[in-house]
Amino acid sequence: MTPPARRDGTPDKKRQHRKGANNSARPRRGENRTKETAASIYVSKAKPARHQHVSSQHVVEPQNGEGIRLQKVLAQAGVASRRMAEKLIDQGRVEVNGKIVMTQGMRINPDTAVVRVDGVRIRLNEDLQYFALNKPFGVQSTMSDDMGRPCIGDIVGEKLDAGQRLFHVGRLDANTEGLILLTNDGELANRLMHPRYEVNKTYLATVVGEMKPADVRALKKGIELDDGLAKADNAQIIEVWQGRSIVRVDLHEGRKHIVRRLLKAAGFPVERLVRTKIHTVQLGEQTPGAIRALNDAELTSLYKAVEM
1 MTPPARRDGT PDKKRQHRKG ANNSARPRRG ENRTKETAAS IYVSKAKPAR HQHVSSQHVV
61 EPQNGEGIRL QKVLAQAGVA SRRMAEKLID QGRVEVNGKI VMTQGMRINP DTAVVRVDGV
121 RIRLNEDLQY FALNKPFGVQ STMSDDMGRP CIGDIVGEKL DAGQRLFHVG RLDANTEGLI
181 LLTNDGELAN RLMHPRYEVN KTYLATVVGE MKPADVRALK KGIELDDGLA KADNAQIIEV
241 WQGRSIVRVD LHEGRKHIVR RLLKAAGFPV ERLVRTKIHT VQLGEQTPGA IRALNDAELT
301 SLYKAVEM
């Protein structure tokens with residue numbers, strides 16, 4: 001019988017000893033192999049890395065001097081115990097700055113190093129903060145406003161007072177409500193806003209006019225605006241009633257007022273506009289003005305979207 005295992009995947013020797021106290025000391029056939037296998041297996045919650053076979057040119061040699069040992073960094077990040085982290089390194093499952101590490105003793109700077117386990121990036125710097133805010137109608141997408149108008153900084157003032165220098169990722173005009181990301185991670189923010197990565201955003205628009213399937217096709221095909229062609233990655237009619245329509249629009253570009261301009265050019269002026277989703281981060285049941293921290297799955301998805 002395979003011995004019971006602890007959370008790190010190794011057998012619980014104390015329980016095994018109690019249960020086997022009356023048995024013969026001689027191991028049964030195949031028992032040694034079972035013990036050896038159980039002790040060496042660790043199932044990570046991370047997704048498998050793309051490249052399973054590592055050549056010698058991808059191996060990172062250990063570095064001496066300043067920094068923290070890699071296995072300690074992994075343990076502090078909650079990936080595994082130090083002992084199990086050493087096994088993950090031996091198995092070639094850990095990357096630092098895009099290169100596989102298979103030698104013990106490497107030291108890294110957790111504030112600057114990019115570490116992945118089984119291809120999934122590990123969050124090392126706890127000083128970096130990531131939030132999702134439901135921006136209310138009439139609030140400016142700024143941290144302060146010279147004209148004294150309501151702004152995002154008023155909502156997150158307590159966090160700013162606590163020493164967290166947050167800034168918004170992208171903008172929503174004052175009359176547009178919904179999801180906006182806040183962070184002090186400048187690299188992630190810059191990449192999310194860069195057109196190269198084509199990060200998708202979803203909007204729910206209430207428009208004047210009863211939209212037909214042909215109008216949806218026109219949005220997806222593209223409409224020429226004064227600054228070039230604009231088109232939705234996807235569009236769907238949600239509801240039509242009494243001369244009004246609710247339509248969902250997905251697009252990745254970030255030109256100013258692009259959703260309002262696109263729908264107006266299609267013949268459907270916008271009465272209300274709410275951004276409900278950025279990549280995989282959803283507004284959900286957040287009420288206007290509510291703020292929440294992103295979870296690990298959302299953050300990992302954003303990292304992947306911008307190749308971090």
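Residue numbers for the sequence shown follow this note's numbering, beginning at 1 and rising by one.
Beta carbons are placed, not taken as given, at the ideal position from N, Cα and C, and that holds for glycine.
Computed from a predicted structure; not experimentally measured.
Are residue i and residue j close, meaning C-beta to C-beta below 8 Å?
{"i": "A305", "j": "Y197", "result": "yes"}
{"i": "A293", "j": "L262", "result": "no"}
{"i": "V73", "j": "V117", "result": "no"}
{"i": "N287", "j": "L179", "result": "Sequence inspection shows Thr at residue 287; the Asn mentioned does not correspond to that position. No; because the gap between Cβ atoms is not below 8 Å, this pair is not in contact."}
{"i": "H279", "j": "L299", "result": "no"}
{"i": "A174", "j": "V139", "result": "yes"}
{"i": "R107", "j": "R69", "result": "yes"}
{"i": "H168", "j": "L182", "result": "yes"}
Where do the N-terminal and C-terminal ends of the beta strand (DSSP E) with residue i fall, by residue?
{"i": "R244", "result": "R244 to L251"}
{"i": "L229", "result": "G228 to A230"}
{"i": "L225", "result": "I223 to L225"}
{"i": "E95", "result": "V94 to V96"}
Give the DSSP bridge partners of residue i, in chain order.
{"i": "G178", "result": "K135 and R275"}
{"i": "I237", "result": "V247"}
{"i": "R292", "result": "A132"}
{"i": "F167", "result": "T183"}
CA-CA distance, residue i and residue j?
{"i": "A80", "j": "I258", "result": "46 Å"}
{"i": "L283", "j": "V101", "result": "38 Å"}
{"i": "R248", "j": "E187", "result": "30 Å"}
{"i": "L192", "j": "D250", "result": "16 Å"}
{"i": "P136", "j": "K201", "result": "18 Å"}
{"i": "R244", "j": "V270", "result": "10 Å"}
{"i": "R217", "j": "E126", "result": "45 Å"}
{"i": "A265", "j": "G148", "result": "33 Å"}
{"i": "E285", "j": "Q91", "result": "42 Å"}
{"i": "A39", "j": "V96", "result": "Confidence at A39 is low in this model, with a pLDDT of 40, below 50, so its placement is unreliable and the value that follows should be read with caution. Going from the Cα of A39 to the Cα of V96 covers about 26 Å."}
{"i": "I223", "j": "R255", "result": "14 Å"}
{"i": "Y42", "j": "K212", "result": "Because the pLDDT at Y42 is just 47, under 50, the model does not fix this residue reliably, and the value given afterwards should be weighed accordingly. Rounded to the nearest angstrom, the two C-alpha atoms are 54 Å apart."}
{"i": "K47", "j": "R93", "result": "Bear in mind that a pLDDT of 35 at K47, under 50, signals an unreliable position, so the number given afterwards is only what the model happens to contain. The alpha-carbon atoms of K47 and R93 are separated by roughly 11 Å."}
{"i": "G228", "j": "K87", "result": "55 Å"}
Span of the alpha helix (DSSP H) holding residue i?
{"i": "L188", "result": "G186 to M193"}
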